[in-house]
Amino acid sequence: MRGRSSLEKTKMGPFGYLLLAIILVLVIFPIYWLIITSLKPKSEWIVTPPLWLPRSPTFLNYLVILTETTAGVEYVLGSYVVFKPAVKAFIDSAIVAGIGTILAIIVGVLAAFAVSRHNIGGNSFLGLVLMLRMAPPMVAIIPLTVFYSLLGFIDTYHGLILAYATFTMPYAVWIIKSFIDEVPRELEDSARLDGLSPLAAHFKVTLPLIKGGVLATALFIWILNWSEYLFALMLTRGKVITLPVQITAYQTYAGMLYGPQAALAILAVIPLIIFGTMIRRYLARGLTFGAIRR
Amino acid sequence: MTKVMLENLTKVYPGGTKALDHLNIEIESGSFTSLLGPSGCGKTTTLKLIAGLLEPTEGKIFFDDEDVTYLPPQKRGVGLVFQDYAVFPHMTGFENIAFGLKIRGVDEEEIKRRINEIASLLEIEHVLSKKPKEMNISELQRVSLARAIVMRPRVLLLDEPLSNLDATLRVKARMELKKLQKHLKQTIIYVTHDQIEALTLSDKVAVMSQGKLMQYDSPENIFNKPRNKFVAGFVGTPPMNFIDCTLVRRGDHLLLDAGSFQLDVSPIKNAFENIKSNELILGIRPRDVIIQRETINKDAITGEILTVEPQGMENVVAIKIGEIIIKAIAPTALTIKDSQKICFKFDLHKIHIFDRKSGEAYL
Amino acid sequence: MNGVISKLTKVLNSKRGISLVLMGPAQFLIFFIAIIPFALEIYLSFTPWSPTMGDLFSAPFNYGMNYVKLLTQDTRYLLALGRTVLFTVVAVTVQLLLGILLAALVDRDFPGSNIVFVILLIPMMFMPVVVGLVFYMIFQSGGPLNHVLSIILQQNITIDWLTNEFTLFIAAVIADTWHWTPFMFLIALCGMRAISPNIIDAARTLGASEWQIFRKIKLPMIRNVLLIAVTIRALESTKIFDELVMFAGGRLNYLYENVSIWTYIMNAIQNQIGYASAGALIVLVIIAVLTFNVILKVLSR
Chain A
2 MRGRSSLEKT KMGPFGYLLL AIILVLVIFP IYWLIITSLK PKSEWIVTPP LWLPRSPTFL
62 NYLVILTETT AGVEYVLGSY VVFKPAVKAF IDSAIVAGIG TILAIIVGVL AAFAVSRHNI
122 GGNSFLGLVL MLRMAPPMVA IIPLTVFYSL LGFIDTYHGL ILAYATFTMP YAVWIIKSFI
182 DEVPRELEDS ARLDGLSPLA AHFKVTLPLI KGGVLATALF IWILNWSEYL FALMLTRGKV
242 ITLPVQITAY QTYAGMLYGP QAALAILAVI PLIIFGTMIR RYLARGLTFG AIRR
Chain B
14 MTKVMLENLT KVYPGGTKAL DHLNIEIESG SFTSLLGPSG CGKTTTLKLI AGLLEPTEGK
74 IFFDDEDVTY LPPQKRGVGL VFQDYAVFPH MTGFENIAFG LKIRGVDEEE IKRRINEIAS
134 LLEIEHVLSK KPKEMNISEL QRVSLARAIV MRPRVLLLDE PLSNLDATLR VKARMELKKL
194 QKHLKQTIIY VTHDQIEALT LSDKVAVMSQ GKLMQYDSPE NIFNKPRNKF VAGFVGTPPM
254 NFIDCTLVRR GDHLLLDAGS FQLDVSPIKN AFENIKSNEL ILGIRPRDVI IQRETINKDA
314 ITGEILTVEP QGMENVVAIK IGEIIIKAIA PTALTIKDSQ KICFKFDLHK IHIFDRKSGE
374 AYL
Chain C
5 MNGVISKLTK VLNSKRGISL VLMGPAQFLI FFIAIIPFAL EIYLSFTPWS PTMGDLFSAP
65 FNYGMNYVKL LTQDTRYLLA LGRTVLFTVV AVTVQLLLGI LLAALVDRDF PGSNIVFVIL
125 LIPMMFMPVV VGLVFYMIFQ SGGPLNHVLS IILQQNITID WLTNEFTLFI AAVIADTWHW
185 TPFMFLIALC GMRAISPNII DAARTLGASE WQIFRKIKLP MIRNVLLIAV TIRALESTKI
245 FDELVMFAGG RLNYLYENVS IWTYIMNAIQ NQIGYASAGA LIVLVIIAVL TFNVILKVLS
305 R
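As they're listed, the protein sequences go chains A, B and C.
With the first sequence counted from 1, adding 1 to any position gets you this note's numbering.
With the second sequence counted from 1, adding 13 to any position gets you this note's numbering.
With the third sequence counted from 1, adding 4 to any position gets you this note's numbering.
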């Protein structure tokens, strides 16, 4: 990778290794704790002193949240209404995050071409779109809730999808614009000379060249949508349940069911880590709206 | 004023690339030495090893009598000027030049004094308060140079410092550099791929190829007495002609048979006494191919003109003899045209003979 | 058919057509999901409306009384603002320092540096809700943190971190730091790796030790990049919400009430929608002004 000082960099001293080890432990610990909690049976959840390794590890927690099993479950509270939605939460999250992302990307790509190649809207559009993301979501959610109830969009898939698409579209525009800027205009210009219309030049010449970047942006936005809580909380009432809402619902209504909670949390987070690691080369660019590129 | 000795210096990179192969050079104190060669020959690697930015796989480096092979760059007292100048962008010209002095703990007054001295020497007083982004390329180069020189380094290392300058600036800078060196009596090691630079500026030139030292000699000897085919072909514009030939004895005469023609080398046959092989390469610089008007005597060889390239005061002519094509220099006074038949001679005192297999020069 | 397609292509590719096709969808979304609601919010902020008051559009005009009350009398709101500022300042500072430290540590030659790099990035990929959940469990009075502290300090530590405001604040800072330091680390590292190796080498030949190079060359050269990262992180941290909800557990007792929690309580629980709108808009204005100032400062350099 670029940037290695003269091919031979500073060496890591013993103090450095020690510090690094401490930091790695601190970073990994919460993940570790989450994993072992998800494998603990109920008797081991609240124990003083806490157990650092489950004495009798079990997959029961996972089973409980994903199926309607009652066998061996000592802690059924009320009806299974509490547990069934876990699968539904996955499905709903997948639908909302998936379609929301696709929508955000399509709209974002189009707008990015407009700003980058045609200078339509220019800096004021970019700035507006940035403010969408920078403003506290509270500012948006209060009237949106009211507005949606007037439109009948509360607790609907399309309602949430539109909201997600609108508020992650700024990322799509800025980041994809940064990719388009890196493709020389001359390529489109020469295609234009060959008879291609401007729109065709965009989609047939430039777009294929940035498809890696677009994909990475899509995964990035998908991660944001999958993790989003506030909008989902305020705009849904139970017909649509996304994972973050479900996880907090366990907290509120089912008391402290550490095991299933941890199990659900892990399942919810696994795709995030997989995708996040896949796009790690683009994370810096993504999180800074395209300002910082490796 | 330091003597630098490189002993069996070898550098192999983790991937397996051998950048340097047992380099042995002794550089005299106060001299201007060039490392000359094509890209990838190992000259920049050598420079970085001398500076301490790389560690050798084998071999040693000595400054005077001190073994500095594993001494970190911070402690070696070398000055290094990079090809891209590497001027610190967030500091002014003054701060850049003062950087090393401040690290060393030199007091403020002395720093100011030294910087003013070097700034007037290099004519960069006006740039001291500017930031690099406000400087032009020539100023950047001089700031980079000043920053290294002001430290009074034991050895000054320059990595193609003039290659980013345009032609006019380059010639001017070359002369100023030479003047500077004489003035400072500084040991300078200069890396370049430009042979004109190397030959005009240096006291001695080390020609390198693929990590190996090809020849280490004065510029005159590099040009007139190349020790192998590589050096002969690398130095000199237009490059030397190489003709495969066989050494043949015909009665009293010693001939070089090139297929399309034979060259009688009997007048210099003493020089051929030590030659071990008969498979040879004849080398002759274009300037030493003497073009004749008509066949004066049977020494002359006949060929056909292929191309004529005007080069101002003279022309570079490509001549075809059978399958062989050689280049020669002809004065513009001699009007020549394509496809014309031409006669020429080789100046026998200027020919070079190389062993076809090893490339070593016999003559 | 062909004639229709080519005519359509021509129209779409005209100046207006391009504008429509490329910008249209974005403008549509923004207009309906952002601008109209925003206008609605401004309207609401000037009324004391609550759903119990009946029709939205016949709510009485308030003459900005909401704003006056919020800024001068509502200590609860002002405290919430204060907590938000405090949290942001503390959290971002800690994350910046840690991030730079980590970058300096990782930007070296050691075996497994690639794996270490990936591991260090993972917390950033976690869902905020899950971050809240994990640290909720860790900060329990009988939880692992107290356990470790008890061992180290040789005392029985049973702090219930999440039941008093001060320790809750610390817990939130720790959780946010675990979550987002990787971001600062990533940006700082990118910045440092973008520095030309020749510059570092030049500094070495001039006698600078690695530490001096770090302080005098690397840090100053990544200043602008760090500024961007700090601005973005600061803006995001003012909105912290999910973790605080998780920390409140089932009790719905939001002890560390920052601006987001305040707005949530006002809006969703007390249904004081008009009042909450005013509160949210004040925050927006403050943020806009600050961001504008920072951008001006950056541009003038």
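Heads up, the beta-carbon is just placed ideally off N, CA and C, and yes, glycines get one too.
In this text the structure is predicted, and so the values were computed from the model without any measurement.
Whether residue i touches residue j by CB criterion (7 Å)
{"i": "A206(C)", "j": "G103(C)", "result": "no"}
{"i": "V174(A)", "j": "A266(A)", "result": "no"}
{"i": "I146(C)", "j": "T49(A)", "result": "First, the residue type needs correcting, since residue 146(C) is Gly and not Ile in the sequence shown. Cβ distance < 7 Å, so G146(C) and T49(A) count as in contact."}
{"i": "V168(B)", "j": "T15(B)", "result": "yes"}
{"i": "L145(A)", "j": "P148(C)", "result": "no"}
{"i": "P166(B)", "j": "G90(B)", "result": "yes"}
{"i": "P51(A)", "j": "H151(C)", "result": "yes"}
{"i": "T278(A)", "j": "V110(C)", "result": "no"}
{"i": "Y67(C)", "j": "L74(C)", "result": "no"}
{"i": "K56(B)", "j": "M221(B)", "result": "yes"}
{"i": "P137(A)", "j": "K222(C)", "result": "no"}
{"i": "L293(B)", "j": "L268(B)", "result": "no"}
{"i": "V97(A)", "j": "I162(A)", "result": "yes"}
{"i": "Y259(A)", "j": "I222(A)", "result": "no"}
{"i": "A27(C)", "j": "A115(A)", "result": "Contrary to the premise, residue 27(C) reads as Met rather than Ala in this sequence. Against a cut-off of 7 Å, the Cβ pair of A115(A) and M27(C) comes out as a contact."}
{"i": "W266(C)", "j": "A84(C)", "result": "yes"}
{"i": "P299(B)", "j": "K333(B)", "result": "no"}
{"i": "S49(C)", "j": "S281(C)", "result": "yes"}
{"i": "A212(C)", "j": "I116(B)", "result": "yes"}
{"i": "A132(B)", "j": "I124(B)", "result": "no"}
Same chain, Cβ closer than 6 Å to residue i, neighbours up to 5 away in sequence not counted
{"i": "F114(C)", "result": "none"}
{"i": "I297(B)", "result": "N254, F359, I364"}
{"i": "D368(B)", "result": "S290"}
{"i": "G195(C)", "result": "I226, V229"}
{"i": "P52(C)", "result": "N66, G278"}
{"i": "V218(B)", "result": "S47, L49, A211, P232, I235"}
{"i": "G79(A)", "result": "Summary for G79(A): the model assigns pLDDT 40, below 50, so the residue's position carries little reliability, and this model does not support an answer."}
{"i": "D301(B)", "result": "D360, K363"}
Beta strand (DSSP E) segment containing residue i, residue limits
{"i": "P323(B)", "result": "314-323"}
{"i": "Q87(B)", "result": "Element bounds for Q87(B): not the beta strand (DSSP E) but the alpha helix (DSSP H), 86-89."}
Residue range of the alpha helix (DSSP H) that includes residue i
{"i": "F236(B)", "result": "232-237"}
{"i": "K73(B)", "result": "Careful: K73(B) lies outside any alpha helix (DSSP H), inside the beta strand (DSSP E) at 71-76."}
{"i": "E123(B)", "result": "121-135"}
{"i": "Q216(C)", "result": "214-217"}
{"i": "F243(B)", "result": "242-247"}
{"i": "Y203(B)", "result": "Here Y203(B) belongs to no alpha helix (DSSP H); instead the beta strand (DSSP E) covers 201-205."}
{"i": "I211(A)", "result": "Premise fails: I211(A) is in no alpha helix (DSSP H) and is neither H nor E."}
{"i": "L190(C)", "result": "169-197"}
{"i": "S62(C)", "result": "Element bounds for S62(C): n/a, residue is neither H nor E."}
{"i": "A192(A)", "result": "186-194"}
Same chain only: Cβ atoms within 7 Å of residue i, ignoring 5 sequence neighbours per side
{"i": "G291(A)", "result": "W175, I176, K178, S179"}
{"i": "V293(C)", "result": "none"}
{"i": "A108(C)", "result": "F218"}
{"i": "I293(A)", "result": "A285, R286"}
{"i": "V119(B)", "result": "none"}
{"i": "V206(A)", "result": "L188, E189, A192"}
Which residues DSSP lists as bridging residue i, in chain order
{"i": "G296(B)", "result": "F255(B), H365(B)"}
{"i": "E20(B)", "result": "K73(B)"}
{"i": "P344(B)", "result": "E327(B)"}
Sequence-distant residues of the same chain with beta carbon closer than 8 Å to residue i, five excluded per side
{"i": "I74(B)", "result": "V17, M18, L19, E20, L22, L62, I63, D80, V81, T82"}
{"i": "R281(A)", "result": "none"}
{"i": "L300(C)", "result": "none"}
{"i": "L172(C)", "result": "W165, L166, F251, L259, Y260"}
At 4 residues or longer, what runs of the alpha helix (DSSP H) sit wholly inside the stretch 142-189 of chain B? 150-162
Segments of 3+ residues assigned as beta strand (DSSP E) that fall wholly inside the stretch 6-30 of chain C: Listed in chain order, the beta strand (DSSP E) runs fully inside the stretch 6-30 of chain C amount to none, counting runs of at least 3 residues.
Contained beta strand (DSSP E) runs [length at least 3] in the stretch 21-72 of chain B, N- to C-terminal order: 31-40, 45-49
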